[in-house]
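S.K.: Let me give you the structure first, and then I'll get to my questions.
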Amino acid sequence: MIIDFLRTIIGVALKLLMYPIIFGGSLALLIYSFLAIKKDIEIKNIVFAQAYEEKYMFKSPKLKESYEDWTRRMIKNGEIK
């Protein structure tokens with residue numbers, strides 16, 4: 915009976931410790947992912963803005979398509995003419 919009681923207390927204590935650790939780790943991973951994506955978008959905007967000013971055309975089809983999408987979006991938003 916005492917052993918079951920101690921086992922229950924230890925189990926509850928471990929659960930109470932693990933939930934914040936798991937939640938905190940998940941939250942940290944989510945924030946890190948958000949900041950990494952935000953940084954990638956900022957870098958892409960800088961590179962594409964420089965390419966637009968210099969009228970540079972990308973050779974890679976993937977980059978070319980991404981650049982054209984970016985240009986259309988910026989023209990639609992009125993940020994470039």
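Residues 915 to 995 (my numbering) are what the sequence shown spells out, left to right.
Cβ coordinates follow ideal geometry from the N, Cα and C atoms, glycine included.
1) Following a CB-centred definition, is L930 positioned closer than 7 Å to any heavy atom of the ligand SAH?
2) Write down the C-beta distance between Y966 and I994 rounded to the nearest angstrom, noting that I regard them as a contact closer than 8 Å.
3) Please return the same chain residues whose Cβ sits closer than 7 Å to the Cβ of L949, not counting the five positions on each side in sequence.
4) Using the Cβ count rule (16 or more neighbours within 10 Å means buried), how would you classify Y946?
5) Locate the alpha helix (DSSP H) running through S947, then write down its first and last residues.
M.R.: According to the structure shown:
1) As far as ligands go, the structure on display features none, and thus does not contain the ligand SAH.
2) 7 Å
3) none
4) exposed
5) 916 to 967
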